[in-house]
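K.L.:
Read in order, the letters of the sequence shown are residues 7 to 485 in this note's numbering.
Below you will find the structure I want to go over with you.
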Amino acid sequence: MKTLFVTSEIAPWVKTGGLGDVAGALPQALRQAGCDLRVLAPRYPALQKAFPNAEHLAHLPSLGGQLPAADLYAAQHADGLPFLLLDCPQLFDRPGNPYLGPEGIDWLDNHLRFGLLSRVAARLAGDATPLDWRPDILHCHDWQTALAPYYLRFYEKGGAASVLTIHNLAFQGIFPPQVLDELGLLASDWHIDGVEYYSQLSFLKAGLRHADRLTTVSPTYAREIQTTAEGMGLSGLLRSRAAELTGILNGIDTTIWNPASDSHLAATYDREHLDAKRKNKAALQRQFGLPERSDCPLFAVVSRLTSQKGLDLVAAAGDLLAALPAQLVVLGNGDKTLEAAFRKLAERHPQHIAVTIGFDEALAHHIEAGADCFLMPSRFEPCGLNQMYSLAYGTPPLVRATGGLADTVIDADSGALGNGFVFSETTPAALMHTVRRAAEAWRDPKRWRQLQMAAMAGDYSWRVPAARYLDLYRTLQRQ
Ligand code: ADP
């Protein structure tokens, strides 16, 4: 089984969220399960630096429109995973976030950058590939690579079967009609079964319509996106493809997210040595400049600050939370109004609330280990990784019942399997009611320990999800 896994981000080098984590771990899990897999990604500066000895493989002349010529480099990760790096300095030799310029605004040529990635992926998956390795499966991720199944179907001969995984339906890669020519697409592609979406061009829609199989990252999200309320304007199309749409829950990279071996922590620990978690709490309080209290629960947030994540509910409940008494640490960046709201809360409650605005991988590990309870009141959540990191770190998550959160967190009040706290209504009052429930449970050490043990007993690794992806690939291979 040969698979080309094409992605616009890959941890630990280029990551803005869950897609980066998934691309950093799933390919290796698939390889371990027997798949001959190569990862295709743009040769960003971080990947040039990571693989300084990458070897030139092929030159690709322009594949149409204003898509520039490019080169392919081969590299191999220390763990054996082979990479194909798409080199096109005019599009990819830019530092920092893969989608945004220094002002925090989308690069104006993102359609060309990810159009090229998609076009090259299709070329490598078809009969005209310049490589002597042609995949059976082309596995694409999110809008950034969603034009690849379209190009493969209409602009290449023969070729692989395609799978498109939706990590977040909210990002659809929508551009004005003028980019059609630039992407090497024809006027005849401009129709409702082509790339047109309400008079705009949508990368994601074209992929959703033309990939052979669709997956998304949790079973609940797979159902939710077929409803008008959660389908972001694409529910009809998704319903029409229900037979080809599967939800496969993400795993986590247990080599990186493992409290027993995590080098970022003040003290490592496992289920049998949970007392060591206290040292991490004290270290975290010090790091955030909060009093080192062991007599009140420490809640935490690590997140993109966007309305998707429901953190406006946390900001609105902040005064009440501080008064419980409880402490709260927040690590995140994004929406400027939310950043300001959290800064103000921290100013009002310096003994109870502390905030770091930014993206800090090491601090995210400290928080998972040092907090008592992790908050994820998301309005929608395709899968969510942080609640699984929290479960693995014995930090029961408090979540809203949506998407992957509903598939991974079981409420403490629902029996012995309880591993966290779940609420439904999207209001600060409902959140606060659940925060109080969690604080109460925390005050009962035996009960809390039981929750932590249940949380840490789960298997959150990629082993099972990788096997499910392989099963899916096999159904396609037989066609
Ligand atoms: P999403 O992909 O919607 O942002 P996920 O929960 O699937 O949400 O994945 C988010 C990933 O990004 C996690 O690995 C999380 O730890 C990380 N992350 C988000 N914000 C930050 C931040 N400010 N600093 C460090 N890591 C962050």
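Beta carbons are placed, not taken as given, at the ideal position from N, Cα and C, and that holds for glycine.
1. Once DSSP output is grouped into helix, strand and coil, what is the label at Leu244?
2. What first and last residue would you give for the alpha helix (DSSP H) that runs through Gln54?
3. Under 9 Å between the Cβ atoms of Cys146 and Ala29?
4. At a cut of 8 Å, does the segment 328-337 reach the segment 359-369 through at least three beta carbon pairs?
5. When DSSP builds the beta bridges, which residues end up paired with Gln333?
6. Name the residue from Pro155, Leu87, Leu317, Leu327 whose alpha carbon lies nearest to the alpha carbon of Leu344.
7. Going by the C-beta, is His173 closer than 8 Å to any heavy atom of the ligand ADP?
8. For Phe348, name the three-state secondary structure that DSSP assigns.
9. Straight-line CA distance for Ile262 to Lys21?
10. On the three-state DSSP scale, how would you describe Ser168?
11. According to DSSP, is Lys21 part of a helix, a strand, or is it coil?
12. Is any heavy atom of the ligand ADP found at a distance shorter than 8 Å from the C-beta of Gly376?
13. Can you tell me the Cα-Cα spacing of Leu36 and Ile231, whole angstroms?
14. Using only alpha-carbon positions, find the residue among Leu175, Phe209, Thr171 that is nearest to Leu186.
15. May I ask you to list the residues that DSSP assigns as paired with Cys41?
16. Kindly indicate the opening and closing residues of the alpha helix (DSSP H) around Arg474.
17. Check whether the Cβ of Cys41 sits closer than 8 Å to any heavy atom of the ligand ADP, and report yes or no.
18. When DSSP labels each residue in this structure, what does Phe98 get in the three-state scheme?
19. Kindly indicate which three-state DSSP category Gln206 falls into: helix, strand or coil?
20. Flag this pair as touching only if the segment 383-401 and the segment 243-252 have three or more C-beta atom pairs under 8 Å; answer yes or no.
21. Tell whether a beta-carbon distance below 9 Å holds between Cys379 and Ala444.
22. Suppose you measure from the CA of Leu32 to the CA of Ile180; what does that come to, to the nearest Å?
23. For Leu304 versus His371, is the C-beta spacing smaller than 9 Å?
24. Going along the chain, which residues of its own chain have a beta-carbon closer than 6 Å to the beta-carbon of Asp195, five neighbours each way excluded?
25. Pick from Ile198, Gly426, Ala422: whose alpha carbon is nearest that of Val405?
26. Return the residue from the list Glu188, Ser124, Ala134 that minimises the CA-CA distance to Ser486.
27. Is DSSP giving Tyr275 helix, strand or coil here?
28. Check whether the segment 49-67 and the segment 398-414 touch, using three or more Cβ-Cβ pairs below 8 Å as the test.
29. Taking 8 Å as the cut-off, is the CB of Ala398 close to at least one heavy atom of the ligand ADP?
30. Under DSSP, the beta strand (DSSP E) around Tyr79 begins and ends at which residues?
31. Using a threshold of 8 Å, is the CB atom of Gln458 nearer than that to any non-hydrogen atom of the ligand ADP?
32. In terms of residues, what are the limits of the beta strand (DSSP E) holding Leu391?
33. Identify the continuous beta strand (DSSP E) that holds Gly253 and give its terminal residues.
P.N.:
Answer, in terms of the structure:
1. Against the sequence shown, residue 244 aligns to sequence position 238. Leu244: helix per DSSP, three-state reduction.
2. By one-based count along the sequence shown, residue 54 stands at place 48. Element bounds for Gln54: 51-56.
3. Your numbering for residue 146 matches position 140 in the sequence shown. Your numbering for residue 29 matches position 23 in the sequence shown. The answer is no: Cβ separation not under 9 Å.
4. yes
5. Within the sequence shown, numbered from 1, the residue matching residue 333 stands at position 327. Paired residues: Leu304.
6. Residue numbering aside, residue 344 sits at position 338 when the sequence shown is read from its first letter. Out of Pro155, Leu87, Leu317, Leu327, Leu317 has the C-alpha closest to the C-alpha of Leu344.
7. On the sequence shown, position 167 is the one that residue 173 refers to. Yes, since a heavy atom of the ligand ADP falls inside the 8 Å radius drawn around the Cβ of His173.
8. Translated into the one-based positions of the sequence shown, residue 348 becomes position 342. In this structure, Phe348 counts as helix in the three-state DSSP scheme.
9. The count along the sequence shown starts at 1 and reaches residue 262 at position 256. The count along the sequence shown starts at 1 and reaches residue 21 at position 15. Between Ile262 and Lys21, the C-alpha separation is close to 14 Å.
10. Within the sequence shown, the letter at position 162 stands for residue 168. DSSP places Ser168 in strand when its eight states are reduced to three.
11. In the sequence shown, counting from the first residue as 1, residue 21 sits at position 15. Here Lys21 sits in coil by DSSP.
12. For this step, residue 376 is matched to residue 370 along the sequence shown. Checking every heavy atom of the ligand ADP against the Cβ of Gly376, none is found closer than 8 Å.
13. As a working mapping, residue 36 is identified with position 30 in the sequence shown. As a working mapping, residue 231 is identified with position 225 in the sequence shown. Cα to Cα, the separation comes out at about 26 Å.
14. Within the sequence shown, residue 186 is the residue found at index 180, counting from 1. Of the listed residues, the one whose Cα sits closest to Leu186 is Phe209.
15. Start at 1 with the first residue of the sequence shown, and residue 41 comes out as number 35. BP columns for Cys41 are empty, so no partner.
16. Here residue 474 is taken as the residue at index 468 of the sequence shown, counted from 1. Segment 469-483, the alpha helix (DSSP H) holding Arg474.
17. The residue labelled residue 41 in the question sits at position 35 within the sequence shown. No.
18. Here residue 98 refers to the residue found at position 92 of the sequence shown. Helix at Phe98.
19. Taking the sequence shown and counting its residues from 1, one reaches residue 206 at position 200. DSSP places Gln206 in strand when its eight states are reduced to three.
20. no
21. Locating residue 379 in the sequence shown gives position 373, where the first residue counts as 1. Locating residue 444 in the sequence shown gives position 438, where the first residue counts as 1. A contact, by the Cβ cut-off of 9 Å.
22. By one-based count along the sequence shown, residue 32 stands at place 26. By one-based count along the sequence shown, residue 180 stands at place 174. So the alpha carbons of these two residues sit roughly 27 Å apart.
23. Your numbering for residue 304 matches position 298 in the sequence shown. Your numbering for residue 371 matches position 365 in the sequence shown. It is not a contact, given that the beta carbons lie outside the stated cut-off.
24. As a first step, residue 195 is located in the sequence shown; it is residue number 189 there, counting from the start. Val201, listed in sequence order.
25. Residue 405 sits at position 399 when you count from the first residue of the sequence shown. For the residues Ile198, Gly426, Ala422, the minimum Cα distance to Val405 belongs to Gly426.
26. Limits of the chain in this structure are 7 at one end and 485 at the other, which puts residue 486 out of reach.
27. Taking the sequence shown and counting its residues from 1, one reaches residue 275 at position 269. Of the three classes helix, strand and coil, the one that applies to Tyr275 here is coil, per DSSP.
28. no
29. Residue mapping note: residue 398 aligns to position 392 of the sequence shown, counting from 1. Answer for Ala398: no, Cβ out of range of the ligand ADP.
30. Position 73 of the sequence shown holds residue 79. Element bounds for Tyr79: 76-82.
31. Stepping through the sequence shown from its first residue, residue 458 is reached at position 452. It does not: the Cβ of Gln458 is nowhere closer than 8 Å to a heavy atom of the ligand ADP.
32. As a position in the sequence shown, residue 391 is number 385, starting the count at 1. Unbroken run through Leu391: none, as it is neither H nor E.
33. One-based indexing of the sequence shown puts residue 253 at position 247. Looking at the DSSP string, the run of the beta strand (DSSP E) that includes Gly253 is 251-253.
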